[in-house]
Each structure stands twice: as C-alpha cells, then as structure tokens.
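Residue numbers (the UniProt record's numbering): 1 to 236. Cβ coordinates follow ideal geometry from the N, Cα and C atoms, glycine included.
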Amino acid sequence: MIFLVFVAFLFSRPSAPAQTKLEGGPYVGVSWYNGDLNPGRQFYRIQPSFGAIIRYSVNDRISFRGGALLAGMSGVYPQKNVYLPVDSEEPYQFSREVLDLTAMLEVNFFSFDHPTNKESVFTPYFTLGAGSVFYKRYSEDNGNHNEKPTFVLSLPFGAGVKWKANDWLNLGAEWTLRKTFVDDLDVVGHDMSIDASNPLGFQKTTFSHNNDWYSVVAVYATFNLYSRRDKCRDGF
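Encoded structure:
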C-alpha cells in the first residue's frame, strides 16, 4: 500500500495543472459469500447490498475513494459437490449482514474527465485498498450463547467502468472482492455446536480458505460536490 500511494503521488504531479474535484453518491448492488460452504461458485445465493461512496480525483488517472456498505450473504449445507468433515448429518444454513468500510486507490486505464479533453468521458479502472468488516461474532461461554460486535481486517480489490454523464453526474459499475482474515462469517448463533474458530470441521487454513471471502457487484451514481477550474493556458 505504501508503494501504491507513492506511485499515485508521482502520477499526481502532471506538468500542466489538472482539475481536482470531490464527488459522492449512492452505491447499490448484490453480494455473495465464498468460503467453506461455497468454495468457488460466483453469484451464489445473492443478497442485496447498498451504501455510499465518496471519491477524490487527484487527476485524470488517479482517484482515492472511501465507502460504507451494508452487504448480505448466506450459505447452506449439504449441497452438490461440497463435502465437509462434519460429524452431524443435520442440514446447516446461515444468513447475515456485515458493515463494510473501505479506503481504496482507483487507477483509470484511460484519461477521464480531463479539463481540456472533452472526449475523456469513459474509462475502465481497477481498484484496491484496505478495509474493515463489522459483524456480530457468535461464541459460547459456559453454555451461554453470546453475540459480540467485532471489526476484522479485509483486503478489497476489483475492477469497473465509469462514465461522465454530464458536468455534475458520473455513473459506474464494478465487481469487487473482499478477502477477510476470519473463518466464522458462516457461523451463526442458532448452531453453536460448530466451533467458531474452525467452522465445519476443517483443521488447517490457507491463503484462500478457510478464510472467508465475499464479492459485491454494484452500480453507483456520484454527484459533484466540489470542482476547480483548470488554469487558463494563454497562448494555447
């Protein structure tokens, strides 16, 4: 992340002054879970997600953004082609919502919203950063079931496209993934026979599993909150 911020700083010093602006707006889409109950399928048991983003454009290539999102996820076992070393044959399912907070770097593939190029109204981009997931972690203490609000680290990344509809409105769509560093997003309080530190009987963790992931596909609209006109280029 330090290296990426340094690269962004270098790109943010163009030879000619660039337009700088702040924008924000709603963010709506669907989300789903990947983990013990769903190792690889995409768009699996999708749930609604919604929130808001705010973006600060350093120049026509680099932006920084923050976001807050309420994302849903769910899973069920048993299911086809998923075999877990559980002791019980009883069916298991979970459903939960998480609060997703992110701070991300956004890099445009093409020039976007350049102050002197009126054709720079569309670009694909990639984005990555750091975030935190807020959820209720279930535990059992002396036979009592507890819910403890918990923040955990996440690593969000993804790609999307955006379009400048007019001078005050931008539209976009993206697919982002979040890698978390916990394995109990799929553990809910109604079945505390499953150990929250080792859901559904796994004994080892790897980079991808057992740590839980979730994905978000969303569309958004951002409205200009602040803009600064480019300097007059006398003689050009």
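Problem set entry | 7 angstroms Cβ shell around V217 - same chain, five flanking residues per side excluded | Taking the first residue of the sequence shown as 1, we reach residue 217 at position 217. Excluding residues within five positions, the ones whose Cβ falls inside 7 angstroms are G29, V30 and W175.
Exercise. Is the CB-CB distance between P91 and G129 below 9 angstroms?
Worked result: Here residue 91 refers to the residue found at position 91 when the sequence shown is read from its first residue. Here residue 129 refers to the residue found at position 129 when the sequence shown is read from its first residue. Going by beta carbons, P91 and G129 fall outside the 9 angstroms limit.
Problem set entry | For R41: DSSP bridge partner residues | For this step, residue 41 is matched to residue 41 along the sequence shown. In the DSSP output, where bridge partners are listed per residue, R41 has none listed.
Exercise. Quick one: complete beta strand (DSSP E) runs, 3+ long, within the region 97-156?
Worked result: Look at the region 97-156 and you find these whole runs of beta strand (DSSP E), each 3 residues long or longer: 122-141.
Problem set entry | The beta strand (DSSP E) enclosing N166, as first and last residue numbers | Along the sequence shown, one-based indexing puts residue 166 at 166. No beta strand (DSSP E) contains N166, which DSSP labels as neither H nor E.
Exercise. With burial defined as no fewer than 16 other Cβ atoms inside 10 Å of the residue's Cβ, what is the status of D167: buried or exposed?
Worked result: To locate residue 167, count along the sequence shown from 1; it is residue 167. D167 is exposed by the Cβ-count criterion.
For this session: Flag this pair as touching only if the region 93-111 and the region 60-72 have three or more C-beta atom pairs under 8 angstroms; answer yes or no.
Result: Yes: the two stretches touch, three or more of their Cβ pairs being nearer than 8 angstroms.
Problem set entry | Where the beta strand (DSSP E) containing G35 begins and where it ends | Stepping through the sequence shown from its first residue, residue 35 is reached at position 35. G35 -> no beta strand (DSSP E), and no H or E assigned at all.
For this session: Under the assumption that Y125 contacts G72 (Cβ atoms under 8 angstroms), give the Cβ distance between them as a whole number of angstroms.
Result: On the sequence shown, residue 125 is found 125 positions in, with the first residue counted as 1. On the sequence shown, residue 72 is found 72 positions in, with the first residue counted as 1. Between G72 and Y125 the Cβ distance is about 26 angstroms, and since that is not below 8 angstroms, they are no contact.
For this session: Below 8 angstroms on the Cβ atoms is my guess for R45 versus G75; work out the distance and round it to an integer in Å.
Result: Within the sequence shown, residue 45 is the residue found at index 45, counting from 1. Within the sequence shown, residue 75 is the residue found at index 75, counting from 1. Indeed, because the Cβ distance is near 6 angstroms, the residues count as touching under 8 angstroms.
For this session: State the beta-bridge partners of I46 as determined by DSSP.
Result: Here residue 46 refers to the residue found at position 46 when the sequence shown is read from its first residue. Among the bridge pairs identified by DSSP, I46 is matched with none.
Exercise. Going by C-alpha distance, which of L69, I54 and K80 is nearest R41?
Worked result: To locate residue 41, count along the sequence shown from 1; it is residue 41. Here the closest residue by C-alpha is K80.
For this session: Measure how close the beta-carbons of G131 and R178 come, nearest whole angstrom, since I'm counting them as under 8 angstroms.
Result: The residue labelled residue 131 in the question sits at position 131 within the sequence shown. The residue labelled residue 178 in the question sits at position 178 within the sequence shown. A Cβ-Cβ distance of about 7 angstroms is found for the pair G131 and R178, placing them in contact under the 8 angstroms criterion.
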